[in-house]
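I have placed the structure first, in the form of structure tokens, so that the comments after it can refer back to it.
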Amino acid sequence: MHNPLIAPSILSADFARLGQEVEDVVNAGADIIHFDVMDNHYVPNLTIGPLVCQALRDYGIKAPIDVHLMVKPVDRIIPDFAAAGADWITFHPEASEHIDRTLSLIREHGAKAGLVFNPATPLDCLRHVADKVDMVLLMSVNPGFPAQKFIPSALDKLRQARQIIDELNSDIRLEIDGGVKAENIGEIAAAGADTFVAGSAIFGADDYGAAIKKMREEIVA
Ligand code: DX5
Ligand code: ZN
């Protein structure tokens, strides 16, 4: 299994001070930056695009950027995000006409590719495209908003996903997103996740470093 990565979601950052917020959270020990892209179409909220990703790179952010696309259609925005400095690009299968083609498109543009499964979306397509997948992201809330409650059935789904990945002898990362905090990250890790998105639990804390440290301690406990 991979070393655990903590991925603060900038959806809960102060957008008026975004560059500084990201710098602060990286200095506080974040491994990668989770970048939530919403289009007010696939999900009922509207956030940020490639220009903001590029702005973070121009500001001097070196940490890997994990772009979570909640947009439909998805293909036409992928080259722009890759050019803007995205390291990982994940998308929801429901938002793509041709999942295999979209995964290839991401890799062709030099980024690592990932599939995102909503709480009620089965993992069925994963086995068919696993060789083109670098990351599986399981949603533990319905996508669209920060600070929602973790849906407990995501734990079983994590175990299922972990089993598939291990059976395939694959090094796909298994990421979890939604309602993750120090209180539940231990059982989430035990269920098989190795990459942990947390928005409100980190940016809502007074001390980002302490919040990240506490999470790390719970993962290995
Ligand atoms: C939800 C987003 C999440 C969200 C997580 O649609 O994909 O990344 O920001 O926020 P928390 O950790 O507060 O649930
Ligand atoms: Zn996300």
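Going by the working numbering, the first residue of the sequence shown is number -10, and it counts up by one from there.
For glycine and all other residues, C-beta sits at the position ideal for the given N, C-alpha and C.
Can you list, in chain order, the residues of its chain whose CB lies under 8 Å from that of residue i, leaving out five sequence neighbours each side?
| i | result |
| --- | --- |
| P263 | The structure shown has nothing for residue 263, since the chain only spans -10 to 210. |
| A210 | G175 |
| T36 | L0, D25, V26, M27 |
| L40 | A73 |
| A5 | none |
I'd like to confirm the pairing. Which residues does DSSP put opposite residue i in its beta bridges?
| i | result |
| --- | --- |
| P135 | Note: P135 sits in no beta bridge, so no partner. |
| M128 | D166 |
| H57 | D25, T79 |
| S(-2) | H23 |
| V14 | Bridge partners of V14: none, in fact. |
| T184 | L(-6), E164 |
| L35 | D28 |
Could you please give the first and the last residue of the uninterrupted beta strand (DSSP E) stretch that includes residue i?
| i | result |
| --- | --- |
| D25 | 22 to 27 |
| K203 | First-last for K203: 197 to 209, but that is the alpha helix (DSSP H), not the beta strand (DSSP E). |
| K146 | That residue, K146, is in no beta strand (DSSP E); its alpha helix (DSSP H) goes 143 to 156. |
| F106 | 101 to 106 |
So residue i and residue j are supposed to be a Cβ contact under 8 Å. How far apart are they, rounded?
| i | j | result |
| --- | --- | --- |
| I161 | I177 | Going by Cβ atoms, the distance from I161 to I177 rounds to 17 Å, so no, they are not a contact pair. |
| L50 | L58 | The sequence given here has Ile at residue 50, not Leu. I50 to L58, Cβ: 19 Å. No contact. |
| G18 | K202 | 7 Å |
| V105 | F80 | 6 Å |
| L45 | V15 | That pair is no contact at about 10 Å. |
Are residue i and residue j touching if we call contact CB-CB under 8 Å?
| i | j | result |
| --- | --- | --- |
| T110 | P82 | yes |
| L92 | K121 | yes |
| L112 | I153 | yes |
| F185 | P68 | no |
| K101 | M124 | yes |
| A180 | R205 | no |
| P211 | V32 | Only positions -10 to 210 of the chain appear in the structure, and residue 211 is not among them; the question remains open. |
| H30 | A71 | no |
| I22 | A52 | yes |
| C42 | V60 | no |
| S(-2) | G198 | no |
What residue does the alpha helix (DSSP H) around residue i start on, and which one ends it?
| i | result |
| --- | --- |
| F192 | 189 to 192 |
| T211 | Because residue 211 is not part of the residues shown, which for the chain are -10 to 210, the question remains open. |
| P62 | Premise fails: P62 is in no alpha helix (DSSP H) and is neither H nor E. |
| D44 | Note on identity: in this sequence residue 44 is Ala, with Asp being the wrong assignment. Looking at the DSSP string, the run of the alpha helix (DSSP H) that includes A44 is 39 to 48. |
| V118 | 115 to 118 |
| D69 | 67 to 72 |
| A84 | Run containing A84: none; DSSP gives neither H nor E here. |
| I174 | 171 to 179 |
Using C-beta distances below 6 Å, list every residue in its chain close to residue i, excluding the 5 sequence neighbours before and after it, in chain order.
| i | result |
| --- | --- |
| A200 | I191, A194 |
| K170 | A190 |
| I95 | I67, I78, A102 |
| A182 | L147, L163, I165 |
| F8 | Residue identity differs from the one stated: residue 8 is Gly in this sequence, not Phe. Closer than 6 Å at Cβ, skipping near neighbours: Y48. |
| P135 | L0, S1, G188, S189 |
By Cβ distance, which residues of its chain are closer than 7 Å to residue i, with the 5 residues on each side in sequence left out?
| i | result |
| --- | --- |
| G167 | M128, S129, V130, Q137, F139 |
| D20 | L(-6), I(-5), A(-4) |
Give a yes or no on whether the minimum CB-CB distance between residue i and chain B is below 8 Å.
| i | result |
| --- | --- |
| N107 | Of the protein chains in this structure there is only one, and it is not chain B. |
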